[in-house]
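What follows is a set of notes on a single structure, which appears directly below.
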Amino acid sequence: MPGIDESLLEAMRLPGARGASVVDWISGLALGAVGDAPGGDAEATAAETAELARLATESGALAPAGDDPGGPSGKEPPVQDLIITNADSYHLLRFVATTFDSTVFLHLWLDRGEGNLALARIRLAEMADRLVLG
Amino acid sequence: MIASAMTPRTDEPASVLLGTLAAERASGALSTEWGIFYLSAGHVVHVESAVTADLGDLLTHSGALAADGWWQAIDEAGRGCRVGRQLVDSGQLTTGALELCHLGALFDAAYFVLAHDGPALRFRPGVTHWLGAVRSVPVDTVLRESRRRRELLHRIWPEPTIDLAPLARVRRDTVDLPARRGRTLAQVDGVRTAAQIAGALACRTFHTLVELRRLAAAGLVVPVTPTPAPAPATASAEPGPAPRPVVPDEPDTALLLLFLHALEALLSARDYSVPKGDCSWPSRPTSWTNCVGSAPAYPGSRAPSRPPSTDSSSPTTYRRPSPRDSRPSPPPPSASPTA
Chain A
58 MPGIDESLLE AMRLPGARGA SVVDWISGLA LGAVGDAPGG DAEATAAETA ELARLATESG
118 ALAPAGDDPG GPSGKEPPVQ DLIITNADSY HLLRFVATTF DSTVFLHLWL DRGEGNLALA
178 RIRLAEMADR LVLG
Chain B
564 MIASAMTPRT DEPASVLLGT LAAERASGAL STEWGIFYLS AGHVVHVESA VTADLGDLLT
624 HSGALAADGW WQAIDEAGRG CRVGRQLVDS GQLTTGALEL CHLGALFDAA YFVLAHDGPA
684 LRFRPGVTHW LGAVRSVPVD TVLRESRRRR ELLHRIWPEP TIDLAPLARV RRDTVDLPAR
744 RGRTLAQVDG VRTAAQIAGA LACRTFHTLV ELRRLAAAGL VVPVTPTPAP APATASAEPG
804 PAPRPVVPDE PDTALLLLFL HALEALLSAR DYSVPKGDCS WPSRPTSWTN CVGSAPAYPG
864 SRAPSRPPST DSSSPTTYRR PSPRDSRPSP PPPSASPTA
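Line by line, the protein sequences give chains A and B.
Heads up: the first sequence begins at 58 in the numbering used here, then just goes up one per residue.
Heads up: the second sequence begins at 564 in the numbering used here, then just goes up one per residue.
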């Protein structure tokens, strides 16, 4: 069963992967990081992506239609992932659903020329599940 | 006053001592008024605080782990200080889940211990935690993160009384809130404090504080009886009598503290040898788990035979004069009051 580091190293094996991290979206802390970070600053990257992730989880407009935010599914973030695209790279943020209080997501920084976004999105979802479910 | 006279205080803030211990690659348990840091080779492996839920509470109260499974792991692996590993080996948790929850609890507790950065009370070399090593964190990272969290709370709503006082709702009408914030608001009843609300939700206390400060910033939550502003954290770094801790008024905590005192008095009641690698395995883990993090400076707490800055590579022996005396031991002759 993979731990944080094994999951991040697995993410780094995806074609075009530049860096990967596990980030708490409420505190903005990177619980683990491998590879490069934009600007060489993993902590600043974690804090900034966490703020984006938090806004997404708190957005009523981005939640699935018919979702009851106060219902039992309220434990899970209503958003599954975020994809940010710039001129040379993708940032893929995949939320990790846990029964216990964790509020974390996987962040994969992917080279736009070498990376395969569709593949990375599927793989990152699998990694997020395996990280906590085995 | 008695406590400060009998306890080997360094009068250095815990954060400073942590830096020193990290540089020495020390292993052991560093206690403050607000909790205990466990170090291994200069890295933080575990932190306990009286106002945050521990790993067991976070896992079992949320339903992620059956309470029976938790206790079984403690029964089987507690004495060997590898409860965390046992949870994974027995298939109850993935390594990832254990690491995520453990780090969440570690940084949560560290924030509250360092937010009240009082003088370190004692360092017990060689003592390890019964959970065992899960994922260690450099001391620098923990100190920096705790500072960052303090600034984050301040940016959201610069009113620290929210953190300790009982909280009340301002309006009863329904407000459209994000799910997590809504659940937090639903627990605000005019009686409970942030730590108690976090406990009721099986959430980390800092993360609950973030929601509560956002609710306060939105004008939805106010402290019921504002407590006198606690002394600034920096003031406690100055030499002099240690400030009294502003402990949230929780009856359970007081009871657990009493129990901790009794436990430690029992341990002190005989020659107590802590070889390197031994762990702070308790006979009753439930109570210990909950109260060890609040280990206070109480009269007669057992004193390390050497000051914290000495080499921690050899076993430490604690002695008290009367084997069956359950009362706190008097200060060792060499212990000089620093306050």
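Heads up, the beta-carbon is just placed ideally off N, CA and C, and yes, glycines get one too.
All values reported here derive from a predicted model rather than from experimental measurement.
* Label H665 of chain B either buried or exposed according to how many other C-beta atoms from any shown protein chain fall within 10 Å of its C-beta, with 16 as the threshold for buried. => One-based indexing of the second sequence puts residue 665 of chain B at position 102. So H665 of chain B ends up on the buried side.
* Asked: Which whole-angstrom value describes the C-beta separation of W82 of chain A and T114 of chain A, a residue pair presumed to lie in contact below a C-beta threshold of 8 Å?
  -> As a working mapping, residue 82 of chain A is identified with position 25 in the first sequence. As a working mapping, residue 114 of chain A is identified with position 57 in the first sequence. Contact holds; Cβ gap of about 7 Å.
* To do: May I have the straight-line CA-CA distance separating V614 of chain B from T737 of chain B, to the nearest angstrom?
  => Sequence index remark: in the second sequence, residue 614 of chain B carries index 51 (1-based). Sequence index remark: in the second sequence, residue 737 of chain B carries index 174 (1-based). Their Cα atoms are separated by approximately 29 Å.
* From the DSSP output, which residues share a beta bridge with G191 of chain A? -> For the purposes of this step, residue 191 of chain A is taken as residue 134 along the first sequence, with counting starting at 1. Partner(s): none; G191 of chain A has no beta bridge.
* Asked: Just checking my contact of L663 of chain B with A765 of chain B at CB under 8 Å: how many whole Å lie between their CB atoms?
  -> Within the second sequence, the letter at position 100 stands for residue 663 of chain B. Within the second sequence, the letter at position 202 stands for residue 765 of chain B. The distance from the Cβ of L663 of chain B to that of A765 of chain B is about 14 Å, inconsistent with a contact at the 8 Å cut-off.
* Asked: Is there contact here, the region 59-72 of chain A with the region 162-178 of chain A, by at least three beta-carbon pairs under 8 Å?
  -> Flag = yes, the region 59-72 of chain A and the region 162-178 of chain A touch.
* Identify every run of the alpha helix (DSSP H) within the region 621-661 of chain B, keeping only runs that are complete inside it and at least 4 residues long; order them along the chain. => You should have 630-640, 646-652.
* Determine the DSSP secondary structure at D719 of chain B, reduced to helix, strand or coil. => By one-based count along the second sequence, residue 719 of chain B stands at place 156. A small fix is needed here, since residue 719 of chain B is Ile in this sequence, not Asp. In this structure, I719 of chain B counts as helix in the three-state DSSP scheme.
* Asked: Quick one, are the C-beta atoms of A673 of chain B and V705 of chain B less than 8 Å apart?
  -> The sequence position of residue 673 of chain B within the second sequence is 110, counting from 1. The sequence position of residue 705 of chain B within the second sequence is 142, counting from 1. The beta carbons of A673 of chain B and V705 of chain B sit closer together than 8 Å.
* Contact check, E50 of chain A vs A87 of chain A, beta carbons under 8 Å -> Since the first residue of chain A shown is 58 and the last is 191, residue 50 of chain A is not available in this structure.
* With 8 Å as the threshold, decide whether the Cβ of G85 of chain A is near any Cβ in chain B. => Position 28 of the first sequence, counted from the first residue, corresponds to residue 85 of chain A. Answer yes: the Cβ-Cβ gap between G85 of chain A and chain B drops below 8 Å somewhere.
* **Run of the alpha helix (DSSP H) containing T724 of chain B, from where it starts to where it stops** => By one-based count along the second sequence, residue 724 of chain B stands at place 161. Per DSSP, the continuous alpha helix (DSSP H) segment holding T724 of chain B begins and ends at 724-727.
* Asked: Taking 7 Å as the cut-off, is the CB of W720 of chain B close to at least one heavy atom of the ligand SAH?
  -> Here there are no bound small molecules, and the ligand SAH is not part of this structure.
* Under 8 Å between the Cβ atoms of A104 of chain A and L165 of chain A? -> Numbered from 1 along the first sequence, position 47 holds the residue referred to as residue 104 of chain A. Numbered from 1 along the first sequence, position 108 holds the residue referred to as residue 165 of chain A. The criterion of a C-beta distance shorter than 8 Å is not satisfied by A104 of chain A and L165 of chain A.
* To do: Check each candidate in A:L66, A:A182, A:V189 and name the one with the smallest Cα separation from V136 of chain A.
  => Translated into positions along the first sequence, residue 136 of chain A becomes position 79. The residue among A:L66, A:A182, A:V189 with its C-alpha nearest the C-alpha of V136 of chain A is A:A182.
* For L778 of chain B, does the count of other Cβ atoms within 10 angstroms reach 16, so buried, or fall short, so exposed? -> Start at 1 with the first residue of the second sequence, and residue 778 of chain B comes out as number 215. In the assembly as shown, L778 of chain B is a buried residue. Its beta-carbon has 16 or more other beta-carbons within 10 Å.
* Going straight from the alpha carbon of L163 of chain A to that of L715 of chain B, what length do you get? -> Residue 163 of chain A sits at position 106 when you count from the first residue of the first sequence. Residue 715 of chain B sits at position 152 when you count from the first residue of the second sequence. Going by the C-alpha atoms only, they are around 22 Å apart.
* To do: Compute the Euclidean distance between the alpha carbons of S594 of chain B and V608 of chain B, then round it to the nearest angstrom.
  => As a position in the second sequence, residue 594 of chain B is number 31, starting the count at 1. As a position in the second sequence, residue 608 of chain B is number 45, starting the count at 1. In this structure, the alpha-carbon of S594 of chain B lies about 14 Å from that of V608 of chain B.
* Asked: Taking 8 Å as the CB-CB limit, is R767 of chain B close to chain A?
  -> Counting from one through the second sequence, the residue named residue 767 of chain B turns up at place 204. At least one chain A Cβ lies under 8 Å of R767 of chain B.
* Nearest chain B C-beta to E115 of chain A closer than 8 Å, yes or no? -> On the first sequence, position 58 is the one that residue 115 of chain A refers to. Closer than 8 Å to some Cβ of chain B, the Cβ of E115 of chain A qualifies, so yes.
* To do: Measure the alpha-carbon distance for R159 of chain A versus A586 of chain B and round it to whole angstroms.
  => Residue numbering aside, residue 159 of chain A sits at position 102 when the first sequence is read from its first letter. Residue numbering aside, residue 586 of chain B sits at position 23 when the second sequence is read from its first letter. Looking at the sequence itself, residue 159 of chain A is Ser, so the reference to Arg does not match. The alpha-carbon of S159 of chain A is positioned some 31 Å away from that of A586 of chain B.
* Exposed unless 16 or more other CB atoms sit within 10 angstroms - verdict on T521 of chain B -> A query on residue 521 of chain B cannot be resolved here, the shown segment of chain B reaching from 564 to 902 and no further.
* **Segment limits, beta strand (DSSP E) that includes V62 of chain A** => The count along the first sequence starts at 1 and reaches residue 62 of chain A at position 5. Position check: residue 62 of chain A holds Asp in this sequence, whereas Val was assumed. Annotation for D62 of chain A: no beta strand (DSSP E) segment contains it, though the alpha helix (DSSP H) segment containing it runs 61-69.
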